[in-house]
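Going letter by letter, the sequence shown gives residues 0 to 260 in numbering that gives the first Met the number 0.
A short write-up of the structure that comes next.
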Amino acid sequence: MTTSTHPSVAQVTDAPPQVNAQVLGDTGLQSQVLESNANAKRYHAWLCSMAQPYLGDDPLEIGSGMGDYAQTWLDGGLGRITLTEVDPGRRAVLQQKFRDDPRVRFATVDLDGTAPGDYSSVVSFNVMEHVPDDVAAFTAAFHLLRPGGHLVTLAPAFPALMSEFDRSIGHVRRYTRENIAAKYRGAGFDVVDCRYVNAPGMFAWFAGMRVLRMTPGDGPILRVWDAAVVPVARCIESRLRMPFGQSVLAVGRKPLGERIG
């Protein structure tokens, strides 16, 4: 592990893997959900595969959690990644987990800033729904990227699915394809891909979170879902664009030779 002093990024400093932004929610509950998601091995691998084509040679992950996505990308051959995390407990986990890995750098990133960077990609999985000013965060990501770099966002889909659990974990919104694509364009991105992910999960979320008011957790239901449903959903959604899903994946590209501001 090394600590980043990325040469052209003013808001990436010699500091722990920190995100300077208001990110809402119960951090203990967030960590429990991160651990449960990591245990859903097939689902985790599916999500990682969606970002893989856009990572490039020098990605920045916003909200690295426990480092599970980063570890999967590194195991897949990624040569370098920079990690950030807003929660002090999870920052400590990241620093311990990757302390001897020279491919991993830690950084402090200001999501309200507009200082230029040179990252090949900025990746945020289940982060932007926690950020009150997501437009400012998308704009900050635009500036952190080199021309031609990609912003990859995975976030909860459909406002109608907002539940008490969403609110307790700090979700201030759920997205549609249309509104996240519009925010990308407003930040200066060309939209490369914008699609719904995990169509069966939308119905499971509605039944479990909205109707039964359950809390997601590791257990037999999750393991059966991961083993039986996820492979089928992944196969179908690799061939068909679904009109709905539990999450939305948005990929934007910073135009070559163009900056805003």
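Glycine residues also receive a C-beta, built at the ideal position from the N, C-alpha and C atoms.
| Asked | Found |
| --- | --- |
| Suppose only complete runs of 4+ residues qualify. What are the alpha helix (DSSP H) ranges in the stretch 129 to 172, listed by chain order? | 133 to 143 and 163 to 168 |
| Whose C-beta lies closer than 6 Å to the C-beta of residue 229 among residues of the same chain, with five residues either side of it excluded? | 41 and 42 |
| Under 8 Å Cβ to Cβ from residue 44, same chain only, skipping five residues before and after it: list those, please. | 71 |
| How many whole angstroms separate the CB atoms of residue 66 and residue 97, which I take to be in contact at a CB cut-off of 8 Å? | 6 Å |
| Work out the CA separation of residue 135 and residue 112 for me, nearest whole Å. | 8 Å |
| If you measure between the beta carbons of residue 174 and residue 154, is that distance less than 7 Å? | yes |
| So the candidates are 195, 139, 227 and 178; which of them puts its Cα closest to the Cα of residue 238? | 195 |
| Is it buried or exposed, residue 242, if we count other Cβ atoms within 10 angstroms and call 16 or more buried? | exposed |
| Can you tell me where the alpha helix (DSSP H) with residue 235 in it begins and where it stops? | 229 to 236 |
| Whole angstroms is fine: what's the gap from residue 56's alpha carbon to residue 167's? | 36 Å |
| Report all residues from its chain with a CB closer than 7 Å to the CB of residue 151; omit the five preceding and five following residues, and keep chain order. | 50, 53, 120, 122 and 250 |
| Taking the straight line between their C-alpha atoms, what separation do you get for residue 160 and residue 247? | 13 Å |
| Report yes if the CB atom of residue 93 is closer than 7 Å to the CB atom of residue 84, and no otherwise. | yes |
| What's the call for residue 88, buried or exposed, on a 16-neighbour Cβ count within 10 Å? | exposed |
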